[in-house]
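Residue numbers (the working numbering): 687 to 1110. Think of the CB as a built atom: it goes at the ideal place given N, C-alpha and C, for glycine as much as any other residue. Just below is one structure, and these are the notes that go with it.
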Amino acid sequence: MNILVVGGGGREHALCYKLAQSEKCEKLFCLPGNPGIAEIAECVENISVEDIDGIVKKAKELAIDLVVVGPEVPLTLGLADALEKENIKVFGPKKNAAILEGSKSFSKNLMKKYNIPTAKYEVFTDATAAKDYIKKEGAPIVVKADGLAAGKGVTVAATVEDAIQAVDAIMVDETFGSAGASVVIEEFMEGEEASLLAFTDGETIIPMIPSQDHKRVFDGDKGANTGGMGSYAPAPVMTEKLIAEATEKILKPTVAAMKKEGRKYQGCLYAGLMITSEGAKVVEFNARFGDPETQVVLPLLENDLVEVMLACAQGNLKNISLSWKKEAAVCFVVASKGYPGSYEKGKVIEGLDSAKNAGHLVFHAGTKSKDGKIVTAGGRVLNIVDMGKNIREARDKAYDGVALVKFDGAFSRKDIAHRALERE
Ligand code: AMP
Ligand code: GLY
687 MNILVVGGGG REHALCYKLA QSEKCEKLFC LPGNPGIAEI AECVENISVE
737 DIDGIVKKAK ELAIDLVVVG PEVPLTLGLA DALEKENIKV FGPKKNAAIL
787 EGSKSFSKNL MKKYNIPTAK YEVFTDATAA KDYIKKEGAP IVVKADGLAA
837 GKGVTVAATV EDAIQAVDAI MVDETFGSAG ASVVIEEFME GEEASLLAFT
887 DGETIIPMIP SQDHKRVFDG DKGANTGGMG SYAPAPVMTE KLIAEATEKI
937 LKPTVAAMKK EGRKYQGCLY AGLMITSEGA KVVEFNARFG DPETQVVLPL
987 LENDLVEVML ACAQGNLKNI SLSWKKEAAV CFVVASKGYP GSYEKGKVIE
1037 GLDSAKNAGH LVFHAGTKSK DGKIVTAGGR VLNIVDMGKN IREARDKAYD
1087 GVALVKFDGA FSRKDIAHRA LERE
């Protein structure tokens, strides 16, 4: 089969790495890809992941049998719909199902209607009404822009003043454009977070192993929120009992609800969970694989990923059972100085071959080729991943790998997986 992965970050590198292992994968393409991905797939540059017509045209030209969509934006723009019209199989939800990530008010209203556990909330299109509600409820309280805001639309406010400021930023200053036309104001949930990703064909849903990412930029979960500074799997906070409970009370009802609403959901359903004293509750849904969760989950999957994704696309996931390596995986993100604020690009990266030759998985997140060298091209530059018999062993190995890659201004967190290690 000819397979095309859409996207060009660490998540897509991990997807390509796993897809390339399949005997069913004859030719692998990635759009736009990156220099790391280029070692295992043919990169299709100069087409944007948001250019739906351009992607469909290219997929036809390359006789693609299966398209795997990495990021959320093309899904919310209707890439899956457009590919299906051309009879090209796709892993990823259609536009009317990707709204589960694309609109927080949609997903909150769905959860309320179908009794899926989540934080108490109200939706507002009027800033004054939103602020009155905040004053009535008090802090801590959480303010979220309704639409896609590249992970930056959420404020966990410790005070009423901070929450009101967040409403102004979203609704008055329109920091996130039309994504802020309405806001969700939500009860603050106390607990540990976990990511539970699942494969679904719209009927059957099968959870992957649970993982955890590290959203804050500095050690000890301090500093600004980022796209994720590291991850590990399996996350011990999600016990067998909690996974079973989340499957019955969250994953299965959500897929059934989407079908009932005429929005059959197919692809990867990402449930961001808070493990509260009352059990697991949904923080958010994403319509795609997590980044950097994918980088630790997929290396532990024993199944042929092409087979699993085809089953999702074709509606026969009930015939599949997943099996997982009895190991753990840890991912360190190596980032550019200044990230998640502004940072310089174009720094030459050294040590990529030494890290690979020493057995580390090196996924490229933000790199490009320039004059025969590989240079930095993003805030999150590299993902160093290792597996081991347990989290500690995987963490120690990956941390050794981090020391092998070098560029001017490189930094990473040192305490990835600390919550799992504290449980030991
Ligand atoms: P989201 O983009 O919805 O995942 O929110 C970003 C982050 O904000 C989450 O990963 C949580 O750490 C935090 N967060 C979101 N909603 C809540 C909530 N209701 N209670 C506590 N923390 C939250
Ligand atoms: N790791 C968080 C996300 O992918 O949204």
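Host beta strand (DSSP E) of residue i (start-end)
i                 : result
asparagine 972    : 965 to 972
aspartate 1072    : 1066 to 1074
tyrosine 807      : 807 to 810
glutamate 878     : 878 to 886
phenylalanine 792 : Segment 790 to 799 is the alpha helix (DSSP H) holding phenylalanine 792; no beta strand (DSSP E) there.
glutamate 872     : 869 to 873
methionine 960    : 953 to 962
glycine 909       : 908 to 911
valine 776        : 775 to 777
proline 985       : No beta strand (DSSP E) contains proline 985, which DSSP labels as neither H nor E.
isoleucine 1060   : 1059 to 1062
valine 840        : 840 to 843
Near the ligand AMP: residue i beta-carbon under 7 Å from a heavy atom
i              : result
methionine 894 : no
isoleucine 794 : Just to set this straight, residue 794 is lysine in the shown sequence, not isoleucine. No; taking the cut-off as 7 Å, the Cβ of lysine 794 has no heavy atom of the ligand AMP nearer than that.
leucine 809    : The question names leucine, but residue 809 in the sequence shown is valine. No, since every heavy atom of the ligand AMP falls outside the 7 Å radius drawn around the Cβ of valine 809.
lysine 908     : no
glutamate 878  : no
lysine 830     : yes
alanine 805    : yes
Cα-Cα separation between residue i and residue j, rounded to whole angstroms
i               : j                 : result
isoleucine 1102 : proline 718       : 29 Å
alanine 849     : asparagine 795    : 22 Å
serine 921      : phenylalanine 971 : The displayed chain sequence assigns alanine, not serine, to residue 921. Computed Cα separation, rounded: 18 Å.
glutamate 988   : alanine 884       : 15 Å
lysine 1033     : glycine 764       : 36 Å
glycine 756     : arginine 974      : 6 Å
glycine 1052    : leucine 761       : 21 Å
threonine 804   : valine 1061       : 42 Å
alanine 1044    : alanine 966       : 39 Å
lysine 710      : valine 742        : 22 Å
lysine 935      : glutamate 964     : 13 Å
valine 983      : glutamate 931     : 20 Å
leucine 1090    : alanine 1041      : 6 Å
glycine 788     : aspartate 1082    : 37 Å
alanine 749     : valine 828        : 46 Å
glycine 1024    : alanine 943       : 42 Å
glutamine 707   : valine 994        : 13 Å
Residue i Cβ short of 7 Å to the ligand GLY heavy atom set
i              : result
glutamate 979  : yes
asparagine 989 : no
glycine 976    : yes
glycine 694    : no
glycine 839    : no
glycine 914    : yes
asparagine 972 : yes
Residue i - containing alpha helix (DSSP H), residue span
i               : result
asparagine 1043 : 1038 to 1043
valine 742      : 738 to 747
arginine 1099   : Where arginine 1099 is concerned, there is no enclosing alpha helix (DSSP H), given that its DSSP letter is neither H nor E.
glutamate 1079  : 1077 to 1090
tyrosine 819    : 813 to 823
leucine 991     : 991 to 1000
cysteine 716    : That residue, cysteine 716, is in no alpha helix (DSSP H); its beta strand (DSSP E) goes 713 to 718.
leucine 928     : 926 to 932
histidine 699   : 696 to 705
alanine 768     : 765 to 771
leucine 761     : 758 to 762
heavy atom of the ligand ADP below 7 Å from residue i C-beta
i             : result
aspartate 899 : Among the ligands present in this structure, namely the ligand AMP and the ligand GLY, the ligand ADP is not found.
Beta carbon of residue i nearer than 8 Å to that of residue j
i                 : j              : result
histidine 1046    : histidine 699  : no
arginine 1066     : leucine 1107   : no
phenylalanine 715 : alanine 724    : no
glycine 866       : alanine 831    : yes
valine 735        : valine 691     : no
valine 903        : methionine 915 : yes
valine 846        : lysine 806     : no
alanine 997       : leucine 1003   : yes
leucine 1008      : isoleucine 961 : no
methionine 924    : alanine 880    : yes
methionine 1073   : glutamate 1013 : yes
threonine 980     : valine 941     : no
Member of the options whose CA lies at the smallest distance from the CA of residue i
i                  : options                            : result
threonine 890      : Asp1086, Gly976, Met915, Gln1000   : Gln1000
alanine 702        : Ile733, Gly740, Val753             : Alanine is not the amino acid found at residue 702; the sequence shown has cysteine there. Nearest of Ile733, Gly740, Val753 to cysteine 702, Cα basis: Val753.
valine 759         : Pro779, Ala749, Glu747, Ile750     : Pro779
serine 1022        : Met944, Asp739, Ser1055, Leu1068   : Leu1068
phenylalanine 1097 : Arg1105, Ile1070, Ala1080          : Ile1070
glycine 958        : Lys775, Pro896, Leu986             : Pro896
lysine 945         : Ser1007, Gly888, Met1073           : Gly888
lysine 1075        : Ser1055, Lys1011, Val1019, Gly1027 : Lys1011
cysteine 1017      : Lys901, Cys954, Thr940             : Lys901
lysine 1059        : Leu1038, Lys1042, Val1048          : Leu1038
leucine 937        : Tyr800, Ala836, Asn911, Asp1057    : Tyr800
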